[in-house]
Amino acid sequence: MSGTAGAAVPIALRLSHQISSYRSEVMSSELVSKTEDCVLDNLAAALAGVDAVPSRAAQNVALGTFGRGSAPIWFSSRTLSAPGAALCNSVAASCLDFDDGHRLARGHPGSAIIPAVLAKAATQSTSTREILTAIAIGYEVAIRAASAQRHEKTQTHQSGRWAGFGVVAACGRLGRLSAEQLAHALAIAGVWAPNQLANGSSGYARETGNWAKEGIPLSTLQAMMAVDLSRLGYTGPLDLFDHASHFDPEPLLSWGGEPALILDTYFKQHACCRYIHPALAAWDAISHGANIDPQTIARIDVMTFGWALKLANKARPDNLVDVQFSLPFCLAALILRGQRALSPISEELLADQAICELAARTHLRSSSDLDRRFPGQTLARLQVTLESGETLGSSTTAPQAHLGRSELSEKFRAIAKGRIPDAQCDRFLEIFGKPEGDFLAFLGTNESAMTMSQRSPHLG
């Protein structure tokens, strides 16, 4: 083992022992079901984004860069090596901000871990139970690493900074790395993680309308490479987590039982930044059972937490990334077009002048009491003023905390409409009605695989 005799065991090595030693057969039915939910939701997000500009670009580049292999590019007839396919599928799943998230991490574990695990599993013989176990462990490690970061040192909360730790944990376990190899892979991934310092939503750059975003696909790719390299003797600094100036050791060392943090993963009804969702939920609360003519709205005031005001919040977005980070625009789109307006977002929204005009009449203010409850809770209050002078207000509102299997199935079905044949979609969703169904069979190139029958006219 690496290190000086008598020295404390590095946290990375302690984590790697725990990752490797967990027995998949003791995973609770609750954890199995939630992890299946995460897979279904991630595939829905990827289907929504597979036709977007960044997905098409990633596929074209990956096909010329990565070697041949058996890992599928989802919803296509193409395959690549596992890292190449994982990169493409991670781009698709993350590009429209329709993917899952976790409040403790303040980001998106699923769009790194699930594409990586399913790509890895496609290249070897692996049971569905072992796939689900690896995913749950990946979430556990990624979320703990994210919450352990000393943000005065890392300077950003972006998912690309920490998602790779989860990819290493999951894929290293599937690949049966030794504990020491796995520890080195964690260290390599930590060193190579994208720094994200210029990210426009929390970094020094001010432009958010670009596809670089949170660095999730790059984090996924480099972490998969770290797993393969460590198997061949490549090393990293095993003391990566052992410096209290950069990582709080408590979250990393307090994992003692099941990989249960995945249970608190949230899913999205709308394709936009989670910071926007509380205001959308507040509008739902105001409008429920009411007969409000959107054309009579004179002004909207949103009280929310300060981080939501750091988004670009353009009333007239230039592109789909701008839409994802504009609370006024997303709120106006929901009010004028209804629940499906942002599920997912599409290019046609950009040309809707009525949405832009209502967004321009939307005013944002931070609230100290809502700030105090962040990041554990993301909350907002709304006041809508009508042309008559009447005001309508909401209570403090949080996004819907839980989407069940039926709601996630409906999310997938709505996205698939007109793109995946109905019969094929039905057969796929039936798999998620069975315990530990073989969903991988629908993502490959065999006769059961889901392929798109029609490209989206709205993206890219």
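Residue numbers for the sequence shown follow the numbering used here, beginning at 22 and rising by one.
Every residue gets a Cβ at the ideal spot worked out from N, C-alpha and C, and that includes glycine.
Ordered along the chain, which non-local residues of its own chain (more than five positions away) have a Cβ less than 8 Å from that of residue i?
| i | result |
| --- | --- |
| Leu284 | Glu51, Leu52 and Lys55 |
| Ala169 | Phe262, Phe268, Asp269, Pro270, Glu271, Pro272 and Leu273 |
| Ser409 | Thr317 |
Do residue j and residue i have their beta-carbon atoms positioned less than 8 Å apart in this structure?
| i | j | result |
| --- | --- | --- |
| Leu117 | Ala65 | no |
| Ile356 | Pro315 | yes |
| Lys174 | Ser266 | yes |
| Ser111 | Thr144 | no |
| Gln407 | Ile318 | Just to set this straight, residue 407 is Leu in the shown sequence, not Gln. It is a contact, given that the beta carbons lie within the stated cut-off. |
| Ala184 | Ala163 | yes |
| Asp58 | Leu429 | yes |
| Cys293 | Ile366 | yes |
| Ala132 | Ile297 | Checking the sequence, you will find Ser at residue 132 rather than Ala. No, the pair does not count as a contact, with Cβ atoms beyond the cut-off. |
| Phe460 | Val60 | yes |
| Phe346 | Leu330 | no |
According to the neighbour-count rule (16 or more other Cβ atoms, all chains shown, within 10 Å of its Cβ), is residue i buried or exposed?
| i | result |
| --- | --- |
| Met22 | No answer about Met22 holds up, because its pLDDT of 44 lies below 50 and its placement is not dependable. |
| Arg44 | exposed |
| His172 | exposed |
| Ser477 | Below a pLDDT of 50, predicted positions are generally treated as unreliable, and Ser477, at 48, falls in that range; no measurement from the model is reported. |
| His291 | buried |
| Gly181 | buried |
| Ala26 | Note that Ala26 scores 48 on pLDDT, short of 50, meaning its location in the model is unreliable; the coordinates nonetheless yield the value given after this. Its Cβ having fewer than 16 others within 10 Å, Ala26 is exposed. |
| Gln243 | buried |
| Ala444 | exposed |
| Pro31 | buried |
| Gln374 | exposed |
| Arg386 | exposed |
Rounded C-beta distance between residue i and residue j? I'm assuming under 8 Å.
| i | j | result |
| --- | --- | --- |
| Ala103 | Ala67 | Going by Cβ atoms, the distance from Ala103 to Ala67 rounds to 16 Å, so no, they are not a contact pair. |
| Gly397 | Arg124 | 6 Å |
| Leu218 | Thr177 | 6 Å |
| Thr149 | Gly458 | 7 Å |
| His384 | Ile321 | 7 Å |
| Ile134 | Pro280 | Contact flag wrong, Cβ pair sits at about 11 Å. |
| Phe186 | Gly211 | 7 Å |
| Leu403 | Ala300 | 6 Å |
| Val74 | Trp232 | 7 Å |
Quick one: residues in its chain with C-beta nearer than 6 Å to the C-beta of residue i, no 5 flanking neighbours on either side, listed in chain order?
| i | result |
| --- | --- |
| Leu464 | Pro93 and Trp95 |
| Gly122 | His129, Tyr287 and Arg295 |
| Asn340 | Gly230 |
| Ala362 | Ala354 and Leu355 |
| Arg337 | Cys377 |
| Ala204 | Ala33, Leu34, Ser37 and Leu259 |
| Lys432 | Ala65 |
Who are the Cβ neighbours of residue i in its own chain at under 7 Å, not counting the five residues just before and after it?
| i | result |
| --- | --- |
| Phe395 | Phe326 and Trp328 |
| Met245 | Ala103, Pro104, Ala107, Ala137, Val188 and Cys192 |
| Thr472 | Phe96, Ser97 and Ser98 |
| Ala83 | Leu101, Gly105, Leu108 and Cys109 |
Worksheet item: Should the segment 45 to 52 be regarded as contacting the segment 217 to 237, the criterion being three or more beta carbon pairs within less than 8 Å?
Response: Result no; under three Cβ-Cβ pairs closer than 8 Å.
Fill in: Stretch pair the segment 249 to 262 + the segment 188 to 206: three plus CB contacts closer than 8 Å
Cβ pair count under 8 Å is three or more, so yes.
Worksheet item: Is the segment 130 to 141 touching the segment 253 to 263 in the sense that three or more CB pairs, one from each, lie closer than 8 Å?
Response: Segments in contact, no.
Worksheet item: Taking three-plus beta-carbon pairs below 8 Å as touching, is the segment 409 to 416 in contact with the segment 340 to 353?
Response: The segment 409 to 416, when compared against the segment 340 to 353, does not touch it at the 8 Å Cβ threshold.
Item to complete: Give a yes or no on contact between the segment 33 to 43 and the segment 272 to 282, applying the rule of three or more CB pairs nearer than 8 Å.
Response: Touching, yes, given that three or more Cβ pairs across the two stretches are closer than 8 Å.
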